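Accompanying notes for the structure given below.
Numbering (the working numbering), first residue to last: 1 to 296.
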């Protein structure tokens with residue numbers, strides 16, 4: 001089952017987040033900044049209000065970069081704005097400006113995206129790419145993008161994008177109680193808070209959700225799954241291997257194969273969980289607990 005979310009910025013001005021939550025909105029993606037040093041003046045307020053009312057949030061950074069050097073400056077500004085904050089949705093690199101970023105070659109855009117996204121991930125956040133379907137189909141075509149969280153914009157009653165994605169922005173003309181004027185609306189198909197923060201043992205991942213375009217009706221990942229949720233989980237396993245908490249390595253892709261099964265079992269043994277090779281909420285949470293214990 002898809003969840004409904006909003007993405008907001010300075011253009012929505014002061015939002016009544018109590019009313020937004022009461023209207024059924026389940027998540028928010030908030031603009032933090034843009035270009036070379038730009039700061040969204042409502043970012044801090046929107047984050048604080050979402051946390052106050054209990055709406056999980058992520059962030060996006062609107063790019064005007066025309067070179068790798070400019071992408072690095074955008075990364076630095078984004079990290080400065082995120083400092084001390086704990087988003088439970090990804091931080092997205094917004095690639096859509098035709099006059100600047102869009103005037104570059106696909107290979108240059110890829111280099112810029114890698115600089116930004118890899119820098120966000122290195123800082124400990126989950127990162128992703130926002131673009132419309134035309135950009136994903138014609139410019140963001142390298143297989144590297146398929147291993148990242150995708151937020152796809154297509155203003156239609158159906159999303160025709162063929163590859164996997166976690167969020168679909170389906171309109172820019174939505175109406176939500178608590179927000180004056182029009183706003184973007186989205187459907188979310190990945191339970192990012194569960195993957196990023198780990199669920200408490202007595203909490204349950206929704207049993208029906210579309211994980212990056214695949215119908216998941218279990219609430220856990222298993223051998224044969226292939227989607228961005230698996231890719232995100234495998235990043236935890238890679239970190240555990242680097243920290244020498246587990247010995248089994250896994251490939252840097254979105255496929256749950258034999259290596260991932262064995263790595264999952266090693267996590268379960270280390271955390272004294274049932275050893276079944278299935279990556280459910282307790283196993284994912286155990287990855288975080290083991291990593292925090294190693295770091296501290």
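The C-beta atom is built at its ideal place from N, Cα and C for all residues, glycine as well. Keep in mind the model is a prediction, meaning the values are calculated, not measured.
Since residue i sits in a beta bridge, which residues does DSSP pair it with?
{"i": "residue 171", "result": "185"}
{"i": "residue 29", "result": "7 and 58"}
{"i": "residue 276", "result": "Answer is none; residue 276 lacks a bridge partner."}
{"i": "residue 153", "result": "132 and 169"}
{"i": "residue 91", "result": "59 and 127"}
{"i": "residue 38", "result": "34"}
Short of 8 Å in beta carbon distance, which residues of its chain neighbour residue i, apart from the five on each side in sequence? Order them along the chain.
{"i": "residue 10", "result": "31, 40, 41 and 42"}
{"i": "residue 298", "result": "No information on residue 298 is available, as it lies outside the stretch 1 to 296 that the chain covers here."}
{"i": "residue 159", "result": "133, 152, 165, 168 and 170"}
{"i": "residue 12", "result": "42, 179, 180, 181 and 183"}
{"i": "residue 36", "result": "64, 70, 73, 74 and 77"}
{"i": "residue 299", "result": "Summary: the structure shown does not reach residue 299, with the chain confined to residues 1 through 296, and so no result is reported for it."}
{"i": "residue 156", "result": "170"}
{"i": "residue 205", "result": "Caution is warranted here: a pLDDT of 34 is assigned to residue 205, below 50, making its placement in the model unreliable, and the coordinate value is therefore given only provisionally. 191, 194, 199, 219, 220, 280 and 281."}
Tell me whether the beta-carbon of residue i lies closer than 9 Å to the beta-carbon of residue j.
{"i": "residue 286", "j": "residue 263", "result": "no"}
{"i": "residue 311", "j": "residue 101", "result": "Absent from the model: residue 311. The displayed extent of the chain is 1 to 296, so no value can be given."}
{"i": "residue 280", "j": "residue 6", "result": "no"}
{"i": "residue 126", "j": "residue 79", "result": "no"}
{"i": "residue 52", "j": "residue 14", "result": "no"}
{"i": "residue 68", "j": "residue 112", "result": "yes"}
{"i": "residue 277", "j": "residue 242", "result": "no"}
{"i": "residue 116", "j": "residue 61", "result": "yes"}
Quick test of your reading: residue i and residue j, contact by CB under 8 Å. State the CB separation rounded to the nearest angstrom.
{"i": "residue 149", "j": "residue 90", "result": "5 Å"}
{"i": "residue 141", "j": "residue 118", "result": "Incorrect: roughly 19 Å between the Cβ atoms, too far for contact."}
{"i": "residue 59", "j": "residue 82", "result": "7 Å"}
{"i": "residue 110", "j": "residue 135", "result": "About 12 Å; that fails the 8 Å criterion."}
{"i": "residue 131", "j": "residue 96", "result": "6 Å"}
{"i": "residue 185", "j": "residue 240", "result": "Incorrect: roughly 37 Å between the Cβ atoms, too far for contact."}
Closer than 6 Å by C-beta to residue i: which residues in its own chain qualify, once you throw out the five before and the five after it? Chain order, please.
{"i": "residue 236", "result": "287"}
{"i": "residue 177", "result": "19 and 23"}
{"i": "residue 226", "result": "254 and 255"}
{"i": "residue 120", "result": "91 and 127"}
{"i": "residue 21", "result": "53 and 55"}
{"i": "residue 193", "result": "56 and 88"}
Please go through the same chain and pick out, in chain order, the residues whose beta-carbon is closer than 7 Å to the beta-carbon of residue i, but skip the five residues on each side of it.
{"i": "residue 283", "result": "264, 267, 268 and 273"}
{"i": "residue 250", "result": "234, 237, 238, 259, 260 and 263"}
{"i": "residue 161", "result": "133, 136, 152 and 154"}
{"i": "residue 108", "result": "none"}
{"i": "residue 16", "result": "178"}
{"i": "residue 138", "result": "none"}
Would residue i pass as an interface residue toward chain C - the criterion being a Cβ-Cβ separation below 9 Å?
{"i": "residue 186", "result": "Structure shown: chain C not included; a single protein chain is present."}
Checklist entry - Where are the alpha helix (DSSP H) runs, 4 residues long or more, that stay fully inside the segment 209-265, in chain order? => result 228-242
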